[in-house]
Amino acid sequence: MLGKIVNVFGGNPSDTVNAFTCEYGEVHIALLVSATFATIVASLNGYKWAFLEAGILASINRSMQAMLILAEVGLLIGCWVAAGVVPGMIYYGLLILKPSIYLTATCLLCCIVALATGSSWTTAGTIGIALIGVGTGLGISPAMSAGAIITGAYFGDKMSPLSDTTNLAPAMAGATLFDHIRHMIWTVTPSLLIALVVYTILGLKVDKSASLDIVEPMRDACLVNFNLNLWMLLPPVLVIVIVALKIPAIPGIMGGIVAGMIIGSIFNGINLADWPGILHYGYTVPGFSDAWTATEGKYADVINSVSGGDADTILGLSNDQFKEFIAQTGVGTNIQGEYNIDSLINEKGGMSSMLWTINLILCAMCFGGVMDASGMLGAIAKSLLVFAKGVGGLVTVTLISCIIMNIIGGDQYLSIVLPGRMYKEAFEDMHLAPKNLSRCLEDSGTVTSNLIPWNTCGATMYKFLGVPAWGKGGYAPFAILSYMNPIVSCFYGWTGISMVKMTDEEYEAVMEKRAKEKEEASESLEA
21 MLGKIVNVFG GNPSDTVNAF TCEYGEVHIA LLVSATFATI VASLNGYKWA
71 FLEAGILASI NRSMQAMLIL AEVGLLIGCW VAAGVVPGMI YYGLLILKPS
121 IYLTATCLLC CIVALATGSS WTTAGTIGIA LIGVGTGLGI SPAMSAGAII
171 TGAYFGDKMS PLSDTTNLAP AMAGATLFDH IRHMIWTVTP SLLIALVVYT
221 ILGLKVDKSA SLDIVEPMRD ACLVNFNLNL WMLLPPVLVI VIVALKIPAI
271 PGIMGGIVAG MIIGSIFNGI NLADWPGILH YGYTVPGFSD AWTATEGKYA
321 DVINSVSGGD ADTILGLSND QFKEFIAQTG VGTNIQGEYN IDSLINEKGG
371 MSSMLWTINL ILCAMCFGGV MDASGMLGAI AKSLLVFAKG VGGLVTVTLI
421 SCIIMNIIGG DQYLSIVLPG RMYKEAFEDM HLAPKNLSRC LEDSGTVTSN
471 LIPWNTCGAT MYKFLGVPAW GKGGYAPFAI LSYMNPIVSC FYGWTGISMV
521 KMTDEEYEAV MEKRAKEKEE ASESLEA
């Protein structure tokens with residue numbers, strides 16, 4: 021499979037729908053096949069279909085809130101892009117890019133973009149590509165640049181309420197979204213600070229007179245379709261306030277959507293009648309600069325040639341095709357900057373954009389539900405829990421299990437879903453609040469995925485940035501968050517720092533809920 025991953029994201033670097041398409045098919049189908057096989061094994065061992073079906077439905081029900089939030093997040097992303105919020109964050113974020121602090125600024129800029137979009141892949145596939153080029157111009161190793169990009173992208177991904185994994189982890193653990201985000205501050209903050217210190221030290225050798233030719237064209241490109249001002253930053257600030265006030269996720273995110281619609285209508289002239297289409301299907305770039313239009317007309321044959329006849333516009337070119345287009349035409353940084361920005365925001369967001377991830381969760385829950393109801397998941401967990409002595413041991417086993425699942429499963433979603441189901445009861449039995457488990461799942465499952473070359477994340481980072489994870493010139497040593505985060509999380513587990521316990525009332529409620537679920541499962545078995 022390692023050599024089979026082809027054209028990740030198809031021709032559009034911002035398209036996360038086809039994030040893991042290979043010659044063997046989608047990961048969804050692999051999960052369904054696994055669920056079918058697990059069902060056959062369970063049936064041969066005496067389990068009735070009604071019982072297994074009840075387990076599947078119970079598993080899906082536990083993740084229903086996450087799926088509702090993901091659909092709402094699709095609305096939010098489409099709204100924020102169209103309103104100019106995301107372009108505004110990029111526009112002002114590019115101001116911090118200075119030669120003397122390039123690596124540090126790169127990391128922080130990717131933090132901002134990933135927080136705004138909720139996607140590490142989108143961040144790396146767009147602004148990350150541009151930053152690799154800037155770093156090369158500064159004489160900085162692509163491996164260092166890629167490491168800083170990945171650290172910032174995954175920090176923003178983890179801390180953004182727009183991220184699918186950030187919604188998935190608390191759903192598996194039984195925590196709430198904003199409790200989960202607040203609890204991650206304990207681990208990701210020191211990990212990011214350590215990374216920033218290292219990047220600052222490495223950046224001291226950067227040539228301060230080096231050129232940043234691509235930065236201004238990218239900022240100019242943000243102004244082609246948007247009227248930007250500091251009001252664009254109001255919706256993200258509002259979401260931060262919502263997190264601080266502990267407002268539930270669904271009404272809280274809806275507040276961010278309403279704020280974005282107001283900003284977009286006032287400053288970018290979006291009509292009320294246009295919002296339904298944007299919210300459902302996402303944002304499509306409506307116009308381009310005169311230079312862009314002239315370039316498309318002049319080099320129409322080249323566009324057709326490098327795309328193999330699949331594209332008739334520059335924006336229709338994939339990253340590799342656009343590089344070839346530059347090589348053949350020698351177009352200036354103004355076109356390159358506009359491509360980088362438009363690739364980030366074109367066809368971005370919308371409720372329909374989340375269906376790939378929602379479908380994946382449904383398939384994973386089918387597999388996890390059968391494994392759970394039949395006792396197979398419990399048997400696996402029991403064999404591993406032998407090594408979990410106390411809170412520190414349980415946290416360590418959970419972190420290691422997530423890493424192992426990233427290695428053998430090849431997908432960060434599975435590294436969250438399966439360990440989350442495996443260790444949920446173990447955390448409850450130690451009276452640990454669900455947010456401890458959800459944090460562990462992200463501290464290891466999400467951030468280490470990019471270190472595995474054949475994992476969807478590792479393959480995607482290599483595809484976008486052109487830098488391998490390991491070997492000579494690999495980015496892994498510089499992707500500091502990816503290995504510091506599990507270490508910090510493990511430290512907290514053994515010392516007990518920030519490991520929040522459930523109150524007696526909370527524990528009793530959890531036990532009552534668990535007993536009720538088992539009773540319902542037994543009734544289904546008898547049926």
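Numbering (the working numbering), first residue to last: 21 to 547.
For glycine and all other residues, C-beta sits at the position ideal for the given N, C-alpha and C.
The structure displayed is predicted, hence computed values, not measured ones.
Coil, strand or helix - residue i by DSSP
i: L501; result: helix
i: L64; result: helix
i: C42; result: In this prediction, C42 scores a pLDDT of 43, lower than 50, which makes its location untrustworthy; no coordinate-derived value is stated.
i: Y495; result: coil
i: Y122; result: helix
i: Y111; result: helix
i: K225; result: coil
i: Y303; result: strand
i: L452; result: strand
i: L22; result: A caution first: L22 carries a pLDDT of 32, below 50, which makes its placement in the model too unreliable to give a value.
i: K538; result: helix
i: A529; result: helix
Nearest-angstrom Cβ-Cβ length linking residue i and residue j, presumed shorter than 8 Å
i: A215; j: D177; result: Contact flag wrong, Cβ pair sits at about 15 Å.
i: G395; j: A163; result: Not confirmed; about 46 Å, so no contact.
i: A311; j: I323; result: Actually they do not touch by this definition, with Cβ atoms about 15 Å apart.
i: P136; j: P256; result: Contrary to the premise, residue 136 reads as Ala rather than Pro in this sequence. Right, their Cβ atoms sit about 7 Å apart.
i: L254; j: A279; result: 6 Å
i: C460; j: L501; result: Actually they are not in contact, since the Cβ atoms of C460 and L501 sit about 16 Å apart, beyond 8 Å.
i: C131; j: Y219; result: The pair is not a contact, with the Cβ atoms about 12 Å apart (cut-off 8 Å).
i: D392; j: G66; result: The Cβ separation is near 16 Å, so there is no contact.
i: L129; j: I147; result: 7 Å
i: G465; j: L471; result: With 8 Å as the limit, G465 and L471 do not qualify as a contact, their Cβ atoms being about 12 Å apart.
i: G104; j: N288; result: 5 Å
i: I205; j: P181; result: At roughly 13 Å, the Cβ-Cβ gap does not stay under 8 Å, so I205 and P181 are not in contact.
i: T185; j: Y512; result: Their Cβ separation, rounded to whole angstroms, is 20 Å, which puts T185 and Y512 out of contact at 8 Å.
i: L52; j: V154; result: Actually they do not touch by this definition, with Cβ atoms about 43 Å apart.
Member of the options whose CA lies at the smallest distance from the CA of residue i
i: M531; options: F387, D330, F308 and A453; result: A453
i: I424; options: N339, L151 and P439; result: P439
i: I436; options: V105, P190 and L128; result: P190
i: F308; options: S338, G317 and G302; result: G317
i: N339; options: T480, C127 and A91; result: T480
i: S183; options: G398, I89 and G410; result: I89
i: V48; options: I472, L299, C422 and N379; result: In the sequence under discussion, the amino acid at residue 48 is His, which differs from the Val named in the question. Answer by Cα proximity: N379.
i: Y527; options: Q348, A446, L471 and I234; result: A446
i: S327; options: Q341, T315, S469 and L222; result: Q341
i: L485; options: V406, W206, S140 and P181; result: S140
i: V106; options: I201, M192 and Y303; result: Y303
i: D524; options: I428, T56, A499 and H451; result: H451
i: L243; options: H300, K118 and V101; result: V101
i: E6; options: E462, V467, I267 and G410; result: Residue 6 is absent from the model: the chain starts at 21 and stops at 547.
i: M374; options: A399, Y301 and G276; result: Y301
Residue-chain proximity (residue i, chain B), Cβ-Cβ < 7 Å
i: L471; result: The structure shown has no chain B; it contains just one protein chain.
Query raised in the report: Should the segment 423-441 be regarded as contacting the segment 525-535, the criterion being three or more beta carbon pairs within less than 8 Å?
Result: no
Query raised in the report: In the segment 247-274, which residue ranges form an unbroken alpha helix (DSSP H) of at least 4 residues, counting only runs that do not cross its ends?
Result: 254-264
Query raised in the report: Is there contact between the segment 73-81 and the segment 374-394, where contact requires at least three CB pairs shorter than 8 Å?
Result: yes
Query raised in the report: Using 8 Å as the Cβ pair cut-off and three pairs as the minimum, do the segment 354-371 and the segment 84-101 touch?
Result: Cβ pair count under 8 Å is three or more, so yes.
Query raised in the report: Touching or not, the segment 203-218 and the segment 500-510, by the rule of three or more beta carbon pairs under 8 Å?
Result: yes
Requested in this report: Would you be able to state if there are at least three C-beta pairs under 8 Å between the segment 102-114 and the segment 243-262?
Outcome: yes
Requested in this report: Jot down the residue ranges of each uninterrupted alpha helix (DSSP H) in the segment 342-421, minimum 4 residues, whole runs only, in chain order.
Outcome: 353-365, 375-393 and 396-405
Requested in this report: Flag this pair as touching only if the segment 513-526 and the segment 53-64 have three or more C-beta atom pairs under 8 Å; answer yes or no.
Outcome: no
Report task. Count the CB pairs spanning the segment 187-206 and the segment 450-469 that are closer than 8 Å, and state whether there are at least three. Result -> yes
**Report entry** Any 3 or more C-beta pairs closer than 8 Å across the segment 352-360 and the segment 231-243
**Finding:** yes
Query raised in the report: What runs of the alpha helix (DSSP H), each 4 residues or longer, lie entirely inside the segment 311-341?
Result: 320-326
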